[in-house]
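First up is the structure itself, then whatever we jot down about it.
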Amino acid sequence: MPEPAAPRAPHVVILGAGFGGLQAALSLRHAPVRVTLVDRRNHHLFQPLLYQVATAALSPADIAYPIRSILRHQGNADVILGEAVSVDPDRRELRLADGVLPYDYLVLAAGATHAYFGHEDWEAEAPGLKNLDDALEIRRRILLAFEAADRETDPARRKALLTFVIVGAGPTGVELAGAIGEISRHVLVDDFRHIDPREARIELLEAGPRILAPFSERSARRAETALRERGVAVRVSSPVTQVDADGVTVGVNADGRSVGVNADGRSVGVNADGRSVGANAGGKPVGGERIAAKTVLWAAGVAASPIAQGLGGTLDRSGRIEVAPDLSIAGHPEIFVIGDLALYKHQDGRPLPGVSPVAIQQGRYAARAILARLQGRTLPPFRYFDKGILAVIGRGSAVADIAGLRLGGLLAWMTWCFVHIFYLIGFRNRFVVMFEWAWAYATYQRGARLITGNIDEYLEKGDPPAGTR
Ligand SMILES: Cc1cc2nc3c(=O)[nH]c(=O)nc-3n(C[C@H](O)[C@H](O)[C@H](O)COP(=O)(O)OP(=O)(O)OC[C@H]3O[C@@H](n4cnc5c(N)ncnc54)[C@H](O)[C@@H]3O)c2cc1C
């Protein structure tokens, strides 16, 4: 058993074992502190590959790893499976649903989840992708849609079953759309007897003026071409104004033109107050185009964890809390906030994006800052080293903006594979994912095409199977 830390050593509580929190815990392994890492899940999740679980390319265990296993040799670290509900900064306590955890230093790394901009009722019809449960639910819906279409005899209902709408064309939306395109055009083609899966319609809807907003124009154009080659219809300036069990409505003006973009070229899909509009200048809804679809997926926005609310700092629209140059919060130098929950601005005033390298580098920095405090030193401000961004569209196709280079096609795809294998935790995961990708590349097969959960809804909706009486 590893040597535990001295009982009187300063107590560092870390909330969240995602990219930021886990890195902070690991970086404190030689520090004279006691570390307690709290998470509501027992595993660290590699979110950038979630869409591969959602589209049946990988299994859940390939992209997740038990937190206790990661820290098993780190004697000064303990793990608590629990739900944090609030912070009491005056008493220096993290409150859990079933207990209280006192701290000397607190690192908040609780991340973000998807946001529906005031339309939380859309979530049931348009699930987002944030954790393994979401990924399995999306996988279930996609595969069940093909099953239901295969037994459906009414052409309009069959068309709706074979229509997949993805709302939001950031990296996650693009990756989901590209993967569904490949499933319908390649993976499933020979598997059904009553439908041609290639007839599936995949609609990628984006409220803003272009897809992949964080990428260069060139990479976005490249990605759009690659998506169209996979049968994905890409619509920009197309804010979704309604989601229900039968599909979505896309906002259009009285003159029939999309209201996705203002005269000044800015998206109006979402108001400054974060609410969806689909309305004209007078604030009245102006109707829109209806897309009948039985599968709608949400990749349109994120909201930071609510845990930092009430700490007194400034929050931005998505609920991120503004942090000082050393990642601590105003008035509480012992509380650090990192990753997707933090709003950190470099001198140019632009906030850092919610991506894993930011969380990892901030986790490392917060650990160093705590150590420096214990030694009576101060660190220079946090600086982000930008390694670039990548998005994959499908087999052999990706885009990458790295160090001023705009990569596309196979080269970008290989870079994407390499980076994701490299950062996966666990040798088994790296090996299995490498094998799965090589297999999928050679055969176009997706090994995890399993429908889990209940199929009652599908049985209710569909016709009796062909050949039955
Ligand atoms: C589908 C998807 C695809 C992505 N693709 C990419 C990509 O390709 N490249 C990239 O760089 N980034 C990508 N990201 C973003 C990246 O995953 C995040 O920026 C990163 O995970 C942020 O790290 P974090 O530590 O701040 O939070 P997270 O990694 O989200 O970790 C937060 C942790 O806190 C826990 N937690 C939250 N609230 C509580 C609570 N109240 N009590 C207990 N535990 C709690 C959660 O269970 C979780 O383990 C993607 C994100 C998603 C969702």
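In the working numbering, the protein residues as written are 1 to 469. By construction, the Cβ of each residue, glycine as well, lies at the ideal position given by its N, Cα and C atoms.
By the Cβ-count criterion, residue 163 is buried, with 16 or more other Cβ atoms from all chains shown falling within 10 Å of its own Cβ. Here residue 336 carries a strand assignment [DSSP, helix/strand/coil].
Counting along the chain, the unbroken alpha helix (DSSP H) around residue 155 starts and ends at 155-161.
Bridge partners of residue 303 according to DSSP: 113. Residue 160 is positioned such that its CB atom lies no closer than 7 Å to that of residue 245. Closer than 6 Å to some heavy atom of ligand 1: that does not describe the Cβ of residue 69. For the pair residue 227 and residue 70, the CB atoms are not nearer than the 7 Å cut-off.
With fewer than three CB-CB distances shorter than 8 Å, the segment 306-313 does not count as touching the segment 133-152.
Placement of the Cβ of residue 3 at a distance of 6 Å or more from every heavy atom of ligand 1 is found. In summary, residue 225 is exposed, with fewer than 16 beta-carbon neighbours lying within 10 Å of its beta-carbon over all protein chains present.
Within a 10 Å sphere around the beta-carbon of residue 191 sit fewer than 16 other beta-carbons, which makes this residue exposed.
For residue 318, the shortest separation between its Cβ and any heavy atom of ligand 1 does not lie below 6 Å.
For residue 11, the secondary structure class from DSSP, reduced to helix, strand or coil, is strand. Of all alpha-carbon atoms in 85, 250, 133, the one lying nearest the alpha-carbon of residue 43 is that of 133. Setting aside the 5 residues that flank it on each side, residue 434 is surrounded in the same chain by 421, each with a C-beta closer than 6 Å to its C-beta; the list follows chain order. Of the heavy atoms belonging to ligand 1, none sits nearer than 6 Å to the Cβ of residue 184. Of the other Cβ atoms in all chains shown, 16 or more fall within 10 Å of the Cβ of residue 114; this residue is therefore buried. In the three-state reduction of the DSSP assignment, residue 242 falls in the strand class, which pools E and B. Under the 8 Å Cβ criterion, the segment 379-399 counts as touching the segment 166-176, having at least three qualifying pairs. DSSP places residue 171 in no beta strand (DSSP E) but in the uninterrupted alpha helix (DSSP H) bounded by 171-182.
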